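So the structure is just underneath, and the comments pick up after that.
So this is what it looks like as C-alpha cells:
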C-alpha cells in the first residue's frame, strides 16, 4: 500500500534526511530486539507504552539506498519478531512519510512531497488506523485531512499532524525529537534525555545472547500476565511452529536482501532467523514440569 516515487537523490535545498522509529512497547522490551538490528541507536521512552529509537548511523547518507527503504527494512525487522507494531517516520529533501510494520503483515505507508502534496493511497490511512486500533470516527477524520491537498501545509507539518493523532493513542515524543529536524539534532536531543539507553553495534552472536539473557532475566522478574510480551505461546506447540515459520521466512528474505544489496531487508531476514533460533533454543532449554 505504500507509494513508490522516482528517486532523484538528496535535494540540496531541503532538509537533510532523518528518521525516528516508534515502537508500541516499553523500552525494556524494545531494547533486546533493537540490538539485533546491529545499528547504533538511542532508545528513549515516548509515552506510557511507547518508545522511540533515534538512529545514530545513517546508511542512507551515501545515496545508495534512500531513507524510506532503509527505515522500512528496520521497522519490518523489529516488528516480525515482536507482538507490538513499529512506526517509522522518515523525511528527506524531496519527501516525507511513514511506514507501519506489524508482525508478518505487509507494511503500510504513506508519502507526502516536500510541499505537503499527498501522493499516498487513502486505503493506507484506513489500514493504519485499524492496525493501531485508532478511533474509527474522530481519529480517522483527522487522518483523512492529511490526505487532502492543502497549499499551506508542508511535509513536516503533515508528520506533525500524524503525531497529533497518535497522542490520543499515548504517544508523547520527548522535547527536541521533532520530525523534520536533522539527524544530528535528533541524536543530540536524545542523548540528554534522562532515561536514554544506548543500543550499540554488536555481532550477531552477542546480539542474540543479549536478547536471550534479557528474556531469561525478565522471566525471573515479571508476573505471568506479561510473559506473552516476550515469548507468546511459550512452551506450546504453537510457539515451536512460530519459531520454524520465522526461520523458514527469514532464509529467503535474507537471500533477497543480499541479492538486491538492500541492507534493510537483509536485516529483516536475519532478525527473523535470530528470533526463530531464539524461540527454538528457549523451547529446548526451558525447565519442564
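Residue numbers (the working numbering): 23 to 311. Just so it is clear, CB atoms sit at the ideal spot from N, CA and C, and this is done for glycine as well. All values reported here derive from a predicted model rather than from experimental measurement.
Candidates the options, of which the one nearest residue i by Cα
{"i": "residue 68", "options": "140, 200, 151 and 97", "result": "200"}
{"i": "residue 38", "options": "161, 89, 165 and 149", "result": "89"}
{"i": "residue 108", "options": "117, 207, 162 and 75", "result": "75"}
{"i": "residue 183", "options": "197, 161 and 198", "result": "161"}
{"i": "residue 166", "options": "154, 140 and 155", "result": "140"}
{"i": "residue 222", "options": "169, 63 and 54", "result": "63"}
{"i": "residue 54", "options": "125, 205, 81 and 99", "result": "99"}
Under 8 Å between C-beta atoms of residue i and residue j
{"i": "residue 40", "j": "residue 203", "result": "yes"}
{"i": "residue 123", "j": "residue 97", "result": "yes"}
{"i": "residue 134", "j": "residue 119", "result": "yes"}
{"i": "residue 45", "j": "residue 79", "result": "no"}
{"i": "residue 152", "j": "residue 121", "result": "no"}
{"i": "residue 178", "j": "residue 65", "result": "no"}
{"i": "residue 77", "j": "residue 61", "result": "yes"}
{"i": "residue 136", "j": "residue 117", "result": "yes"}
{"i": "residue 144", "j": "residue 171", "result": "no"}
{"i": "residue 181", "j": "residue 82", "result": "no"}
{"i": "residue 106", "j": "residue 197", "result": "no"}
{"i": "residue 185", "j": "residue 195", "result": "yes"}
Enclosing alpha helix (DSSP H) for residue i [first to last residue]
{"i": "residue 96", "result": "89-102"}
{"i": "residue 52", "result": "49-57"}
{"i": "residue 109", "result": "Looking at the DSSP string, residue 109 is not in any alpha helix (DSSP H); the run it does join, the beta strand (DSSP E), is 108-113."}
{"i": "residue 83", "result": "No alpha helix (DSSP H) holds residue 83; DSSP gives it neither H nor E."}
{"i": "residue 118", "result": "Counting along the chain, residue 118 falls outside any alpha helix (DSSP H), though it belongs to the beta strand (DSSP E) covering 117-123."}
{"i": "residue 209", "result": "205-213"}
{"i": "residue 41", "result": "Element bounds for residue 41: not the alpha helix (DSSP H) but the beta strand (DSSP E), 40-45."}
{"i": "residue 60", "result": "Residue 60 -> no alpha helix (DSSP H), and no H or E assigned at all."}
{"i": "residue 154", "result": "From DSSP, residue 154 is part of no alpha helix (DSSP H); its letter is neither H nor E."}
{"i": "residue 165", "result": "160-167"}
Assigned exposure category for residue i - 16 Cβ within 10 Å defines buried
{"i": "residue 242", "result": "Residue placement at residue 242 is poorly supported in this model, since its pLDDT is 49, which falls under 50; the coordinates are not used for a value here."}
{"i": "residue 51", "result": "buried"}
{"i": "residue 104", "result": "buried"}
{"i": "residue 173", "result": "exposed"}
{"i": "residue 211", "result": "buried"}
{"i": "residue 216", "result": "exposed"}
{"i": "residue 190", "result": "exposed"}
{"i": "residue 91", "result": "buried"}
{"i": "residue 126", "result": "exposed"}
{"i": "residue 237", "result": "Because residue 237 carries a pLDDT of 47, less than 50, the predicted location of this residue cannot be relied on, and the following value inherits that uncertainty. Classification of residue 237: buried, given that the 10 Å Cβ count is 16 or more."}
Presumed contact (8 Å Cβ cut-off) between residue i and residue j, rounded CB distance
{"i": "residue 146", "j": "residue 130", "result": "5 Å"}
{"i": "residue 176", "j": "residue 138", "result": "5 Å"}
{"i": "residue 193", "j": "residue 156", "result": "The Cβ separation is near 11 Å, so there is no contact."}
{"i": "residue 110", "j": "residue 43", "result": "5 Å"}
Heavy atom of the ligand NAP within 7 Å of residue i beta-carbon
{"i": "residue 81", "result": "The ligand NAP is absent from the structure shown, which contains no ligands of any kind."}
Endpoints, beta strand (DSSP E) assigned at residue i
{"i": "residue 191", "result": "Where residue 191 is concerned, there is no enclosing beta strand (DSSP E), given that its DSSP letter is neither H nor E."}
{"i": "residue 175", "result": "Where residue 175 is concerned, there is no enclosing beta strand (DSSP E), given that its DSSP letter is neither H nor E."}
{"i": "residue 73", "result": "73-77"}
{"i": "residue 130", "result": "130-135"}
{"i": "residue 220", "result": "219-221"}
Any C-beta of chain C under 8 Å from that of residue i
{"i": "residue 181", "result": "Judged by its chain identifiers, the structure shown contains no chain C, having just a single protein chain."}
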